[in-house]
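Accompanying notes for the structure given below.
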Ligand SMILES: [Zn+2]
């Protein structure tokens, strides 16, 4: 046993040593402003771990981004959602840096992008420049920060990926973020795990009362338990200069001073990031909006951020057991907070049994399952769920109650619905929507085959057949039909669609395609007159907007310029 501990220690110190191969001082600060973070590496987000740093840009767009090292651009992508305007730079040392949510690219790159967008007649596009066509020098301006894509406020999303495309913690590369704040502890939970296990007289998760000590660390009330148990924690870290709740760098647990479990946010793969839903307490998040990290590895959790574990982080408590379990949370600068949990093994007469709602549908996660309910056919592929589960499924007319969003789905589940009771004219305007919290059917990408509609879902909830017969609306924002707009720098239109939402748009002036940028958060389409497509005095604008079921609106207006 001692031998094992020794070699494990040696093994992990070799791993730690490998970290020193990460080049220090190779990448300089990509911004000229102080690095204040609104998000850091590894923090828990919806369905993924955050893969980079979110650097605040003083509440505004347009900060210059400087190449942190020599390299060449290997990928440019513009999308309405996600990363918005994004850029990938490969460096000679094998690492790639990524920049997302840009306002625009530096001039030479912007020209290249525009040319491609005009060739494809599409604002959304992706390109992989070859032969080091677009090279950059360290310190050169490569773009300007923005708020494009799914960004919720002006910032730069910055990543460093290794040669295997794994995102890595940029702080490992010597990027300096002042941090003198100790990680914060929100709440701690005990989880009885084994079938007959219980803690604090219950077979279910229970929250522990935290008691703050004079030195800033915590203890909790004593936990009495029997059988296999584990613990969970809701914690976050803050860096200097901002109050954003960012992620902790390292969490480790120990019993009697010997390590049980360690999570370290230094790198992960995109293939594993969705397993975050297995690692965190999904049900607790959906019901309480707080992310609890389970400090143990359940089946079907392959996460590589768990770098050390003994018995998967569980502890088995016998009657008469008496010991302390500790959780230690550390940020990148070494600021640490600890929680000491005294545990005693105690047999209880009548512990509260585990919550288990039995239903008609028990799904084995290892095999595919087909279920028919009313007019709905459901197919749950193998490994869509992390464990065998009872699902509550009800169909009523056009609505399917497909369990509750308290269990994560890993792989797409297919839902088909027979719509043969609809008239042919209506059929083409139907879609499958997921009811949002306001009871509105939010469009889920729907395909049709005859009378059958099919969609794929990765969230439990209520799905319904919905019909959208209303075409999108278009409004001119900064011009009027028949008027002069010589001083306008842009042409702006507001495009909106109830129910199914906007699918595509295309604008021309005097028959020539004009590139319009779409911002789904403001519903604005913007053409920049600097593109120099509009050269005539009298200009006939034609804009066609189509929604997700094919309703289309054609907007036409004339404007004059000189
Ligand atoms: Zn980000």
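Residue numbers (my numbering): 237 to 798. Where a beta carbon is used, it is the ideal one built from N, C-alpha and C, also for glycine.
Distance between residue j and residue i (C-alpha atoms, nearest Å)
| i | j | result |
| --- | --- | --- |
| residue 369 | residue 308 | 7 Å |
| residue 739 | residue 701 | 19 Å |
| residue 278 | residue 661 | 49 Å |
| residue 333 | residue 592 | 47 Å |
| residue 799 | residue 265 | The structure shown does not extend to residue 799, since the chain is modelled only from 237 to 798, so the question has no answer here. |
| residue 417 | residue 792 | 57 Å |
| residue 283 | residue 509 | 7 Å |
| residue 464 | residue 598 | 25 Å |
| residue 521 | residue 425 | 13 Å |
| residue 623 | residue 601 | 5 Å |
| residue 542 | residue 469 | 15 Å |
| residue 445 | residue 427 | 14 Å |
| residue 285 | residue 787 | 37 Å |
| residue 552 | residue 531 | 14 Å |
| residue 398 | residue 777 | 47 Å |
| residue 648 | residue 639 | 15 Å |
| residue 253 | residue 496 | At residue 253 the pLDDT is 42, less than 50, meaning the model places this residue with poor confidence; the figure from the coordinates comes in the next sentence. Approximately 22 Å, taken between the alpha carbons. |
| residue 668 | residue 657 | 15 Å |
| residue 876 | residue 663 | This structure cannot speak to residue 876, because the chain is shown only from 237 to 798. |
| residue 759 | residue 395 | 29 Å |
| residue 726 | residue 770 | 11 Å |
| residue 560 | residue 631 | 50 Å |
| residue 443 | residue 274 | 28 Å |
| residue 467 | residue 589 | 19 Å |
| residue 434 | residue 312 | 53 Å |
| residue 350 | residue 329 | 30 Å |
| residue 355 | residue 744 | 14 Å |
| residue 705 | residue 757 | 23 Å |
Any non-hydrogen atom of ligand 1 within 7 Å of residue i CB
| i | result |
| --- | --- |
| residue 288 | yes |
| residue 275 | yes |
| residue 284 | no |
| residue 393 | yes |
Span of the alpha helix (DSSP H), counted from its first residue to its last, around residue i
| i | result |
| --- | --- |
| residue 345 | 343–356 |
| residue 306 | Residue 306 -> no alpha helix (DSSP H), and no H or E assigned at all. |
| residue 521 | 518–524 |
| residue 512 | 512–515 |
| residue 271 | Counting along the chain, residue 271 falls outside any alpha helix (DSSP H), and DSSP gives it neither H nor E. |
| residue 661 | 660–663 |
Buried or exposed (CB count within 10 angstroms, at least 16 for buried), residue i
| i | result |
| --- | --- |
| residue 504 | buried |
| residue 493 | exposed |
| residue 406 | buried |
| residue 596 | exposed |
| residue 795 | buried |
| residue 288 | buried |
| residue 674 | exposed |
| residue 380 | buried |
| residue 784 | buried |
| residue 317 | exposed |
| residue 620 | buried |
| residue 716 | exposed |
| residue 752 | buried |
| residue 357 | exposed |
| residue 498 | buried |
| residue 587 | buried |
| residue 538 | exposed |
| residue 383 | buried |
| residue 583 | exposed |
| residue 502 | buried |
| residue 436 | buried |
| residue 708 | buried |
| residue 473 | buried |
| residue 363 | buried |
| residue 682 | buried |
| residue 387 | buried |
is_contact[residue i, chain C] using C-beta, thresh 8 Å
| i | result |
| --- | --- |
| residue 318 | The structure shown contains no chain C, having only a single protein chain. |
Span of the beta strand (DSSP E) around residue i
| i | result |
| --- | --- |
| residue 764 | 760–764 |
| residue 576 | 572–581 |
| residue 419 | Taken as a continuous stretch (DSSP letters only), residue 419 belongs to no beta strand (DSSP E), as it is neither H nor E. |
| residue 587 | No beta strand (DSSP E) holds residue 587; DSSP gives it neither H nor E. |
query = Between the region 508–526 and the region 475–493, do three or more beta carbon pairs fall short of 8 Å?
reply = With the rule of 3 Cβ pairs closer than 8 Å, the region 508–526 does not count as touching the region 475–493.
key: Touch test, the region 690–700 against the region 632–646, Cβ-Cβ under 8 Å, three pairs minimum   = Using a Cβ-Cβ distance cut-off of 8 Å, the region 690–700 and the region 632–646 are in contact, since at least three pairs of beta carbons, one from each stretch, lie closer than that value.
key: Validate contact between the region 652–666 and the region 609–623 using beta carbons, cut 8 Å, 3 pairs   = Yes: the two stretches touch, three or more of their Cβ pairs being nearer than 8 Å.
key: Contact the region 573–588 vs the region 445–461: 3+ CB pairs below 8 Å   = They touch, by the three-pair rule.
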